[in-house]
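With my numbering, you'll find the sequence shown wraps up at 1150, consecutive numbering, no jumps.
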Amino acid sequence: MTSVAIKILQSAQETEYDLTGISVDLSRKTGVLIRQSRKKSGKNHYEGRLRQEKMINVAMAVRGDEDDIVLYDEGAGISGTKGYDERPKLSKLYLDIANDVIGSVVVARGDRLFRDKHFRNVSMFTELAEKKKLKLIVPGRTVYDFTKTKDLQAFQKEMQDAYNYLTTQILYLNETRQQKVQRGLYGGGHLPAPYAIDRAAWKDEQRPIIYRPWLDTSIEIFRQFIDNDFSLAYIARYIESRPCLFPYPSAEDLQKYNFPTIMTKAKEGYTFTSLDSIKHYLSNLTLAGYAKIGKDELGNEILLAGVFEAAVPMDLLAPSYAAITGHYPDGNPFDRWKDSRRSRKHTKQWESDAVLHGFLKSDDGAVSFSIDNSINKTVKSRYACYQGAEMYGSNRIGILQTKAAWSIPCKELDDIVLNRLCDLVLYDSEISNRIKSFWESQKTDLVGESQLLKTQIEKAEAQIKHLDNLLTNPARPLSKQTEGRYITQLAEAEFSLENLLKKQKTQSEKEDPERVIPNFYYVLSHLPVEYKKLDTEQQKKMIRKVIREIKLNIVSSHLLLLHIEWEAGIALHPDVALIWRGTMPNTNDAWTPEEDALLFSLYPVASQTELMSAFPRFSWYRICDRAIEHGIRRAIPRQGRAHVNVYHRTMSWQDLESVANLVDEPEQKERMQEIANELAKSTLRGELSAHWWLPLDEISYLDIDEGYFNGDSNPDGSHRPGE
428 MTSVAIKILQ
438 SAQETEYDLT
448 GISVDLSRKT
458 GVLIRQSRKK
468 SGKNHYEGRL
478 RQEKMINVAM
488 AVRGDEDDIV
498 LYDEGAGISG
508 TKGYDERPKL
518 SKLYLDIAND
528 VIGSVVVARG
538 DRLFRDKHFR
548 NVSMFTELAE
558 KKKLKLIVPG
568 RTVYDFTKTK
578 DLQAFQKEMQ
588 DAYNYLTTQI
598 LYLNETRQQK
608 VQRGLYGGGH
618 LPAPYAIDRA
628 AWKDEQRPII
638 YRPWLDTSIE
648 IFRQFIDNDF
658 SLAYIARYIE
668 SRPCLFPYPS
678 AEDLQKYNFP
688 TIMTKAKEGY
698 TFTSLDSIKH
708 YLSNLTLAGY
718 AKIGKDELGN
728 EILLAGVFEA
738 AVPMDLLAPS
748 YAAITGHYPD
758 GNPFDRWKDS
768 RRSRKHTKQW
778 ESDAVLHGFL
788 KSDDGAVSFS
798 IDNSINKTVK
808 SRYACYQGAE
818 MYGSNRIGIL
828 QTKAAWSIPC
838 KELDDIVLNR
848 LCDLVLYDSE
858 ISNRIKSFWE
868 SQKTDLVGES
878 QLLKTQIEKA
888 EAQIKHLDNL
898 LTNPARPLSK
908 QTEGRYITQL
918 AEAEFSLENL
928 LKKQKTQSEK
938 EDPERVIPNF
948 YYVLSHLPVE
958 YKKLDTEQQK
968 KMIRKVIREI
978 KLNIVSSHLL
988 LLHIEWEAGI
998 ALHPDVALIW
1008 RGTMPNTNDA
1018 WTPEEDALLF
1028 SLYPVASQTE
1038 LMSAFPRFSW
1048 YRICDRAIEH
1058 GIRRAIPRQG
1068 RAHVNVYHRT
1078 MSWQDLESVA
1088 NLVDEPEQKE
1098 RMQEIANELA
1108 KSTLRGELSA
1118 HWWLPLDEIS
1128 YLDIDEGYFN
1138 GDSNPDGSHR
1148 PGE
């Protein structure tokens, strides 16, 4: 009888790949692509990440050195179904192959490149790979040489299999889950409160049960919604007024039950923080014991009734569902508001004439544009900055509440920026020629992002044309199933094309200005006259071609700081301006009894600065008006023609302190306060005034050596725009 030997190792050996016979073009670099589909896979599926990182060692072994290897690390949470425009690293790899930087690519699996349903991205890649004689190395499996037809076909088949995994294996898993749910069991995923899962139950026998401490709250939410005329605004305020909706379970209950909820965690429990989550909860038929088990051939959701115990009675859930969706679960329309609601007359949409609309940014929040066409409004359009997180197209500090950090008239700010640009152009007549020379130097024969995007658009348009032809001129009558599949594919392709065209529009900002705006250089050199002749859209494009970034941040209730980073060739340094807005502070702030008592004691004898510092939240005119209300008079005599009160009546101590804090030296602080005071004196209500930090000769290229702009080295090693 032969004995079987056991081999014992002191440490595990790393996987070694047979790389015999694999050769690559050493005149070009080797790329390594890493991608994980699921979010947080870098931590949750570290072994998969580690295996892909080992492809770097494979690339080194193939080349025989550590040089000329480029890593394209897409990280985790990147789906292979996305196109080049949605995957920057893949886009960079494509461009590097097109520009002969990369001649070979190493991946752990072929599907790290694509899981492409429509094959547009795959066909673009294979066409380029064949043209550039690329080699794709999948260690331990194969090497694709795209100059060989068999390899090309084999790669295309692998890409088909990669997507089929999504439509077969994952579909099978979903069907298995649905089968489990149909039996009244928990199929995984999130559950709305008050449902929980009993940890003591066997995994294949788990089913949603009601967690009794949460049940009354669930029912009360629906009652509040119905009793208050299905008002989402009311229910949002109701939720925000409570520390939490569902208190955290006790330690004992956490051991007994699993709570698969996606509600937001507050200090004392769970709550809703968005309107979408509230609407989803109020229309969630799971709360009535229904289970989602799939969709029919028309795409309608299929629900199975009575799968588990209902938490909310249908007499509460059905009308709430109807108020949210517009129809009852049985399909009947919800007509409660049919006769009680009046239709609004919306003003006709029009093109905003605000030049900085969609371009102006702020560290204080998101900047939006508003228009008021009221007859008695002299200021029609405004830029407004709102604090909080972005929801439903605007920033909010609660579920529905908005809070403006600042608001200013569009035309006033646009004029300040345009006048500064005109001053720069008049001071430096070479700006136009300088920018033209810069763009001429940027021209290259290399394939860029615009060409890649153009190719993607062409592929999408070709697919739409092909699908449209299959639907309108079929070789033989189509079955309903086939027709439905083509219609779905056509809708997906049209949606993809729409996104690509949007990206192409934004990408135009990186193009030569002359291609975007006809006679750009002539307009720039004659800006004060020619700019006014441009239409609104061209004016916006013009500003975006000369300004890289523009920010407006609040300093105090009256003061803002404008920061402009000009494009190369316009100005050497960022431009900063202190802006005073002529608005009256909020007069609704009430005076406290303590403040009134202090006013009685200080107003007769204290200086203006002493009074302003004692009442920092009030402007000088508010302090004086309050004294008049109480009949308090000043006892300080005038000193000849000298002004006793130095600061303008609209200034507050907060304004003075805030502007002084912008600089460090005492002399500078005093100077900044003087500047702010002069701006206040010269600014009418509703207007803006600006003081530019640096004079034109300190930011202009006019007196700078030409080599500076072309990127020649500077003696002090400072900024070199040409780089």
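The beta-carbon is built from N, C-alpha and C at its ideal position, and this holds for glycine as well.
Sequence ranges, alpha helix (DSSP H) only - wholly within the stretch 937-1017, length at least 4: With a minimum length of 4 residues, the continuous alpha helix (DSSP H) runs that stay inside the stretch 937-1017 are 940-943, 947-952, 954-957 and 963-973.
For the stretch 904-915 against the stretch 963-975, do three or more pairs of beta-carbon atoms, one drawn from each stretch, fall closer than 8 Å, so that the two count as touching? The way I'd put it, the stretch 904-915 doesn't touch the stretch 963-975; fewer than three beta-carbon pairs between them come closer than 8 Å.
Hey, how far is the Cα of residue 769 from the Cα of residue 684? What you label residue 769 is simply residue 342 of the sequence shown in a count that begins at 1. What you label residue 684 is simply residue 257 of the sequence shown in a count that begins at 1. Caution applies to residue 769, whose pLDDT of 42 falls short of 50 and renders its modelled position unreliable; the value that the coordinates give is listed next. Answer to the nearest angstrom: the Cα atoms are 48 Å apart.
I believe residue 710 touches residue 665 by the beta-carbon criterion, under 8 Å. Please report the beta-carbon distance rounded to the nearest angstrom. What you label residue 710 is simply residue 283 of the sequence shown in a count that begins at 1. What you label residue 665 is simply residue 238 of the sequence shown in a count that begins at 1. In fact, because the Cβ distance is near 17 Å, the residues do not count as touching under 8 Å.
Can you have a look at residue 766 and say buried or exposed, based on whether 16 or more other CB atoms are within 10 angstroms of its CB? Residue mapping note: residue 766 aligns to position 339 of the sequence shown, counting from 1. Since pLDDT at residue 766 reaches only 42, below the 50 mark, its modelled position is unreliable, and no value is offered.
Distance check for residue 485 and residue 446, CA to CA, integer angstroms please. Residue mapping note: residue 446 aligns to position 19 of the sequence shown, counting from 1. Residue mapping note: residue 485 aligns to position 58 of the sequence shown, counting from 1. Going from the Cα of residue 446 to the Cα of residue 485 covers about 8 Å.
If you draw a straight line from the C-alpha of residue 649 to the C-alpha of residue 761, how long is it? Residue 649 sits at position 222 when you count from the first residue of the sequence shown. Residue 761 sits at position 334 when you count from the first residue of the sequence shown. Pairing residue 649 with residue 761, the inter-Cα distance amounts to about 17 Å.
Residue 777 to residue 835, Cα distance in whole Å? Counting from 1 along the sequence shown, the entry for residue 777 is found at position 350. Counting from 1 along the sequence shown, the entry for residue 835 is found at position 408. The pLDDT assigned to residue 777 is 44, lower than 50, so where the model puts this residue is not dependable; a value taken from the coordinates is nonetheless given after this. Whole-angstrom Cα-Cα distance: 20 Å.
Which parts of the stretch 665-752 are runs of the beta strand (DSSP E), unbroken and 3 residues or longer, counting only runs that do not cross its ends? DSSP runs (the beta strand (DSSP E)) wholly in the stretch 665-752: 696-698, 718-722 and 728-731.
Take every Cβ of the stretch 465-484, pair it with every Cβ of the stretch 546-561, and state whether three or more of those distances are shorter than 8 Å. Output reads no: the stretch 546-561 does not touch the stretch 465-484.
Under the three-state reduction of DSSP, which class applies to residue 458: helix, strand or coil? Locating residue 458 in the sequence shown gives position 31, counting from the first residue. Here residue 458 carries a strand assignment [DSSP, helix/strand/coil].
Cutoff 6 Å; reference residue 1081; Cβ partners in own chain excluding five residues on either side: Translated into positions along the sequence shown, residue 1081 becomes position 654. The answer, listed in chain order, is 983 and 1043.
Measure the CB-CB distance between residue 976 and residue 924 and report whether it falls below 9 Å. Locating residue 976 in the sequence shown gives position 549, where the first residue counts as 1. Locating residue 924 in the sequence shown gives position 497, where the first residue counts as 1. Not closer than 9 Å, so no.
Please confirm if the stretch 890-901 is in contact with the stretch 1026-1037, defined as three or more CB-CB distances below 8 Å between the two stretches. Contact between the stretch 890-901 and the stretch 1026-1037 is absent, because fewer than three Cβ pairs lie under 8 Å.
For residue 629, does the count of other Cβ atoms within 10 angstroms reach 16, so buried, or fall short, so exposed? Along the sequence shown, one-based indexing puts residue 629 at 202. Result: exposed.
Leaving aside the five residues before and after residue 998 along the sequence, list all residues of the same chain whose C-beta is less than 6 Å from its C-beta, in chain order. Sequence index remark: in the sequence shown, residue 998 carries index 571 (1-based). For residue 998, where only same-chain residues beyond five positions count, the Cβ hits under 6 Å are 1126.
When DSSP labels each residue in this structure, what does residue 465 get in the three-state scheme? Locating residue 465 in the sequence shown gives position 38, counting from the first residue. In this structure, residue 465 counts as coil in the three-state DSSP scheme.
Specify the secondary structure class of residue 1123 as computed by DSSP and reduced to three states. Indexing the sequence shown from 1 puts residue 1123 at position 696. DSSP places residue 1123 within a helical segment (H, G or I) once states are collapsed to three.
Using 8 Å for Cβ pairs, my map puts residue 566 next to residue 444. What's the rounded Cβ distance? Residue 566 sits at position 139 when you count from the first residue of the sequence shown. Residue 444 sits at position 17 when you count from the first residue of the sequence shown. At roughly 4 Å, the Cβ-Cβ gap stays under 8 Å, so residue 566 and residue 444 are in contact.
Select from 1094, 1028 and 1040 the residue whose C-alpha is nearest the C-alpha of residue 1062. Position 635 of the sequence shown, counting from 1, holds the residue named residue 1062. Considering only alpha carbons, the answer is 1028.
Residue of 626, 729, 712 and 1046 minimising C-alpha distance to residue 679: By 1-based counting over the sequence shown, the position of residue 679 is 252. Cα-wise, what sits closest to residue 679 is 626.
So what's residue 489 in DSSP terms, helix, strand or just coil? On the sequence shown, position 62 is the one that residue 489 refers to. Reduced to three states, the DSSP call for residue 489 is helix.
Any contact of the stretch 532-546 with the stretch 573-581, i.e. 3+ C-beta pairs under 8 Å? Segments in contact, no.
Alpha-carbon spacing of residue 1007 relative to residue 1109, whole angstroms: Looking up residue 1007 in the sequence shown gives position 580. Looking up residue 1109 in the sequence shown gives position 682. Cα to Cα, residue 1007 sits roughly 9 Å from residue 1109.
I need the boundaries of the beta strand (DSSP E) containing residue 502, first residue and last residue. Position 75 of the sequence shown, counted from the start, is the residue given in the question as residue 502. Taken as a continuous stretch (DSSP letters only), the beta strand (DSSP E) holding residue 502 covers 496-503.
Which residues mark the beginning and the end of the alpha helix (DSSP H) in which residue 761 is found? On the sequence shown, residue 761 is found 334 positions in, with the first residue counted as 1. Segment: none, residue 761 is in no alpha helix (DSSP H) and carries neither H nor E.
From which residue to which residue does the alpha helix (DSSP H) around residue 641 run? Translated into positions along the sequence shown, residue 641 becomes position 214. 639-654 is the extent of the alpha helix (DSSP H) around residue 641.
Do residue 638 and residue 671 count as a contact pair if the criterion is CB distance below 9 Å? Here residue 671 refers to the residue found at position 244 when the sequence shown is read from its first residue. Here residue 638 refers to the residue found at position 211 when the sequence shown is read from its first residue. Against a cut-off of 9 Å, the Cβ pair of residue 638 and residue 671 comes out as no contact.
Write down the C-beta distance between residue 541 and residue 503 rounded to the nearest angstrom, noting that I regard them as a contact closer than 8 Å. To locate residue 541, count along the sequence shown from 1; it is residue 114. To locate residue 503, count along the sequence shown from 1; it is residue 76. Rounded, the Cβ-Cβ distance is 17 Å, inconsistent with contact.
DSSP-derived helix/strand/coil call for residue 810: As a first step, residue 810 must be located in the sequence shown, where it is residue number 383. Residue 810: strand per DSSP, three-state reduction.
Boundaries of the alpha helix (DSSP H) in which residue 796 is found, first to last residue: By one-based count along the sequence shown, residue 796 stands at place 369. Unbroken run through residue 796 is the beta strand (DSSP E), 793-798; no alpha helix (DSSP H).
Whole alpha helix (DSSP H) elements within the stretch 842-912, 4-residue minimum: Within the stretch 842-912, the runs of alpha helix (DSSP H) that reach at least 4 residues and sit entirely inside it are, in chain order, 858-869 and 876-899.
For residue 454 and residue 930, what's the separation of their Cα atoms in angstroms? Locating residue 454 in the sequence shown gives position 27, counting from the first residue. Locating residue 930 in the sequence shown gives position 503, counting from the first residue. About 34 Å.
According to DSSP, is residue 446 part of a helix, a strand, or is it coil? The sequence position of residue 446 within the sequence shown is 19, counting from 1. Taken through DSSP and simplified to helix, strand or coil, residue 446 comes out as coil.
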